[in-house]
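Colleague: Residue numbers (this note's numbering): 114 to 367. C-beta atoms are modelled at their ideal positions from N, C-alpha and C, and glycine is treated no differently. The structure displayed is predicted, hence computed values, not measured ones. If you scroll down you'll find the structure; I have some questions about it.
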């Protein structure tokens with residue numbers, strides 16, 4: 114299988130400035146993603162691996178260009194019309210794929226989010242397994258089981274200014290509620306044909322599959338508080354999860 118890994122990192126960030134350039138536990142944040150790609154390649158020599166960084170950040174390009182964890186990363190300059198605050202990430206992934214496919218055949222595009230670094234090789238493998246098992250999927254993404262349910266104990270403000278359940282239902286016990294899942298923004302596997310099509314809706318409105326990750330891998334970084342929590346939890350879970358520890362060990366090689 115020919116796999117293209119995409120890494121998308123915009124310069125700056127309105128929510129948490131320069132979050133893609135942060136150091137987490139003495140390692141550049143992006144190294145965790147590069148380490149995951151490297152470890153997947155080591156575990157699957159039968160696959161051909163490509164990787165591309167799409168960014169408008171010279172600093173991020175410099176970091177990736179100088180590292181030796183996974184040195185074969187193509188640098189794709191972020192187009193100006195794809196660098197705004199309101200641009201959907203899928204448009205950047207699509208542009209990266211169209212750039213990279215010009216001289217190679219690609220069977221699947223896997224996007225790994227820089228700011229969701231808590232992932233293991235087995236999580237990527239599970240996403241790929243679900244992707245390969247159903248050819249009708251346009252994409253497969255990682256999720257965790259949600260701790261709350263919009264049918265039972267999540268509320269929103271209604272038109273009458275009172276608050277009520279997001280999804281109306283007659284459930285009276287948590288055990289009656291259908292299983293719901295929360296995206297953790299970590300891993301997405303896209304079918305090339307989908308990326309070549311005209312994407313008019315949000316990706317969640319297409320034919321999607323999921324791969325479930327442990328609920329402690331839910332956190333992504335979108336604020337300074339998120340980052341502090343991520344750094345603390347990463348230290349803890351590296352002592353209790355061999356998969357995360359392996360990623361960290363490779364990321365430390367630099």
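Could you compute how far the alpha carbon of residue 307 sits from the alpha carbon of residue 208?
Modeller: Cα to Cα, residue 307 sits roughly 13 angstroms from residue 208.
Colleague: Exposed or buried, which one is residue 360 when buried takes at least 16 other CB atoms within 10 Å?
Modeller: Residue 360 should be labelled buried.
Colleague: Is the beta carbon of residue 119 closer than 8 angstroms to that of residue 156?
Modeller: Contact flag unset, no.
Colleague: Quick check: what's the CA-CA separation for residue 265 versus residue 193?
Modeller: Roughly 43 angstroms between the two C-alpha positions.
Colleague: Is the beta carbon of residue 219 less than 8 angstroms from the beta carbon of residue 158?
Modeller: Taking 8 angstroms as the Cβ cut-off, residue 219 and residue 158 do not qualify as a contacting pair.
Colleague: With three or more beta-carbon pairs closer than 8 angstroms as the criterion, would you say the segment 334-343 touches the segment 128-138?
Modeller: The segment 334-343 is in contact with the segment 128-138.
Colleague: Checking the sheet assignment: what are the DSSP bridge partners for residue 139?
Modeller: Beta-bridge pairing links residue 139 to no other residue.
Colleague: Return the chain-ordered list of same chain residues with a C-beta closer than 8 angstroms to the C-beta of residue 352, the five sequence neighbours on each side being excluded.
Modeller: Cβ within range, chain order: 358.
Colleague: Put residue 280 into one of helix, strand or coil per three-state DSSP.
Modeller: Coil.
Colleague: With a floor of 4 residues, list each alpha helix (DSSP H) that falls wholly inside the segment 192-259, ordered by position along the chain.
Modeller: Segments of the alpha helix (DSSP H) lying fully in the segment 192-259: 202-213, 234-246.
Colleague: Please report how far the alpha carbon of residue 325 lies from the alpha carbon of residue 273, in whole angstroms.
Modeller: One C-alpha to the other measures close to 37 angstroms.
Colleague: Tell me residue 303's beta-bridge partners as DSSP assigns them.
Modeller: According to DSSP, which records beta bridges pairwise, residue 303 is partnered with 222, 252.
Colleague: Strictly by DSSP, which residues pair up with residue 149?
Modeller: DSSP output for residue 149 lists no bridge partner at all.
Colleague: As a quick exercise: from 321, 268, 161, 283, pick the residue whose alpha carbon is nearest that of residue 296.
Modeller: Ranking 321, 268, 161, 283 by Cα distance to residue 296 puts 321 first.
Colleague: Under 8 angstroms, do residue 300 and residue 225 count as touching if we go by C-beta distance?
Modeller: Their beta carbons are under 8 angstroms apart, which means residue 300 touches residue 225 by this criterion.
Colleague: Here's the rule: buried if 16 or more other CB atoms are within 10 angstroms of the residue's CB, otherwise exposed. What is residue 168?
Modeller: Label assigned to residue 168: buried.
Colleague: How long is the line joining the alpha carbons of residue 114 and residue 161, rounded to whole angstroms?
Modeller: Each residue's alpha carbon lies about 6 angstroms from the other.
Colleague: Output the boundary residues of the beta strand (DSSP E) element that contains residue 319.
Modeller: No beta strand (DSSP E) contains residue 319, which DSSP labels as neither H nor E.
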